[in-house]
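J.:
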Amino acid sequence: SRPIIIDCDPGHDDAIALILACASPELDIKAVTTSAGNQTPEKTLHNALRILTLVGRTDIPVAGGALQPLSRELIIADNVHGETGLDGPVLPEPTFEPQPCHAVELMAKVLTESTEPVTLVPTGPLTNIALLLATHRELHSKIDSIVLMGGAAEVGNWTPAAEFNIYVDPEAADIVFKSGIPITMCGLDVTHRAQIMDEDIEKIREINNPVAQVTAELLDFFMIYHRDPKWGFEGAPLHDPCTIAWLLKPTLFASINCWVGVETQGSHTLGMTVVDRYQLTDNPINTTVLFDVNRRGFVDLLVERLANY
Ligand code: BDR
Ligand code: CA
Numbered sequence: 002s003r004p005i006i007i008d009c010d011p012g013h014d015d016a017i018a019l020i021l022a023c024a025s026p027e028l029d030i031k032a033v034t035t036s037a038g039n040q041t042p043e044k045t046l047h048n049a050l051r052i053l054t055l056v057g058r059t060d061i062p063v064a065g066g067a068l069q070p071l072s073r074e075l076i077i078a079d080n081v082h083g084e085t086g087l088d089g090p091v092l093p094e095p096t097f098e099p100q101p102c103h104a105v106e107l108m109a110k111v112l113t114e115s116t117e118p119v120t121l122v123p124t125g126p127l128t129n130i131a132l133l134l135a136t137h138r139e140l141h142s143k144i145d146s147i148v149l150m151g152g153a154a155e156v157g158n159w160t161p162a163a164e165f166n167i168y169v170d171p172e173a174a175d176i177v178f179k180s181g182i183p184i185t186m187c188g189l190d191v192t193h194r195a196q197i198m199d200e201d202i203e204k205i206r207e208i209n210n211p212v213a214q215v216t217a218e219l220l221d222f223f224m225i226y227h228r229d230p231k232w233g234f235e236g237a238p239l240h241d242p243c244t245i246a247w248l249l250k251p252t253l254f255a256s257i258n259c260w261v262g263v264e265t266q267g268s269h270t271l272g273m274t275v276v277d278r279y280q281l282t283d284n285p286i287n288t289t290v291l292f293d294v295n296r297r298g299f300v301d302l303l304v305e306r307l308a309n310y
């Protein structure tokens, strides 16, 4: 199975990405590291431990990462994810401890020890990944690719131009997109098409095992923010699970290989991912950008995996 490291900021959709990954034997989760983003670094770390406790994967090493973005104040999304970062369900308290080291150290250890290249799967701001790439050049060759949730070719969700994960730490995202490591970008173009509807949530509830139950309750809470008619959504976009679904079943997605750059200065466009979809520049292609998903197939995959718990 494919070795991966998940760097996340749970966060409802991060939690569902973890739950989906843990239910998938095709993936070998070597570590889970946490970034500051949806909530404070203390809370996202605690939430990752709670989710892995819920799914019985206390064997996976976990480590907390950077306390703030590379050169900016931390912005959190408590308006989306609530006071705890995972408001809604009652979650177990962790039954295990994080590793006594920094996320970057844990990632470096996994890469060093791995006999095959490892895929990095960041679903939060890219601070930890950027620190890893900047401080461990010698390990770049041990990274297969970076499959990230972040960015948008078209519109943002935090500012008119920027998606949240990139906006929180644009300097980190800039380092990642310039690294030369192959990137798959699951941005808003695709995640806004990966919506989960009320009837899907009911199906998940009916599975009636403890993990599916918590997932349904996470989704109930996540729906609240996305019901605002301004979004024009019928359901809620399952951003972060798109990364895992892409690894499991790439045929569900449509993609275009493009150059992507990150705006680190614009007065209106800070944190924007500039996607050269029509090859209007000579900038070298660095990213597989996902633009579309078979929504039905995506939701069916999630439901099928949840039923295995
Ligand atoms: C991203 O921001 C966070 O709120 C979600 O967890 C997701 O990673 C979507 O813009
Ligand atoms: Ca996230």
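Numbering (UniProt numbering), first residue to last: 2 to 310.
From the three backbone atoms N, C-alpha and C, an ideal C-beta is built for every residue, glycine too.
Considering only the alpha carbon of each residue, which of 220, 65, 255 lies closest to residue 129?
T.: 65
J.: Only counting the same chain, and skipping five residues up and downstream in sequence, which positions put a Cβ closer than 8 Å to that of residue 373?
T.: In the structure as shown, the chain begins at 2 and stops at 310. Residue 373 is therefore absent and cannot be evaluated.
J.: Might you give, ordered along the chain, the residues of its own chain that have their beta carbon closer than 6 Å to the beta carbon of residue 38, omitting 5 neighbours on each side?
T.: 10, 125, 126, 169
J.: Rounded to whole angstroms, what's the CA-CA distance from residue 263 to residue 23? Just pull it up for me.
T.: 31 Å
J.: Considering only heavy atoms of ligand 1, does any lie closer than 7 Å to the CB of residue 86?
T.: no
J.: Pop quiz: residue 5 and residue 119 are said to be a contact at Cβ under 8 Å. What is the actual Cβ separation, rounded to whole angstroms?
T.: Rounded, the Cβ-Cβ distance is 7 Å, consistent with contact.
J.: Please classify residue 298: does DSSP put it in a helix, a strand, or coil?
T.: helix
J.: Taking buried to mean at least 16 other C-beta atoms within 10 Å of its own C-beta, is residue 97 buried or exposed?
T.: exposed
J.: Under the three-state reduction of DSSP, which class applies to residue 325: helix, strand or coil?
T.: For residue 325 there is no data in the structure shown, the boundaries of the chain being 2 and 310.
J.: Tell me the DSSP secondary structure of residue 271 in three-state form.
T.: coil
J.: Starting from residue 41, follow the beta strand (DSSP E) in both directions and report where the run begins and ends.
T.: Segment: none, residue 41 is in no beta strand (DSSP E) and carries neither H nor E.
J.: Between residue 257 and residue 290, is the Cβ-Cβ spacing less than 8 Å?
T.: Yes; because the gap between Cβ atoms is below 8 Å, this pair is in contact.
J.: Would you say residue 237 and residue 254 are within 8 Å of each other, going by their C-beta atoms?
T.: no
J.: Measuring alpha carbon to alpha carbon, tell me which of 44, 142, 100 ends up nearest residue 94.
T.: Of the candidates 44, 142, 100, the residue whose Cα lies closest to the Cα of residue 94 is 44.
J.: Measuring alpha carbon to alpha carbon, tell me which of 71, 260, 138 ends up nearest residue 280.
T.: Of the candidates 71, 260, 138, the residue whose Cα lies closest to the Cα of residue 280 is 260.
J.: Can you tell me whether residue 23 is helix, strand or coil according to DSSP?
T.: helix
J.: Can you grab the Cα-Cα spacing for the pair residue 206 / residue 307, in whole Å?
T.: Going by the C-alpha atoms only, they are around 10 Å apart.
J.: Smallest Cα separation from residue 3: which of 122, 200, 173?
T.: Of the candidates 122, 200, 173, the one whose C-alpha sits nearest the C-alpha of residue 3 is 122.
J.: Hey, how far is the Cα of residue 137 from the Cα of residue 67?
T.: So the two alpha carbons sit approximately 16 Å from each other.
J.: Since I believe residue 71 is in contact with residue 16 (beta carbons under 8 Å), could you give me their beta-carbon distance rounded to a whole number of angstroms?
T.: Rounded, the Cβ-Cβ distance is 25 Å, inconsistent with contact.
J.: Just curious, the alpha helix (DSSP H) that residue 73 is in, first and last residue?
T.: Per DSSP, residue 73 belongs to no alpha helix (DSSP H) and is neither H nor E.
J.: Under the assumption that residue 155 contacts residue 190 (Cβ atoms under 8 Å), give the Cβ distance between them as a whole number of angstroms.
T.: 6 Å
J.: Under three-state DSSP, which class holds residue 6?
T.: In this structure, residue 6 counts as strand in the three-state DSSP scheme.
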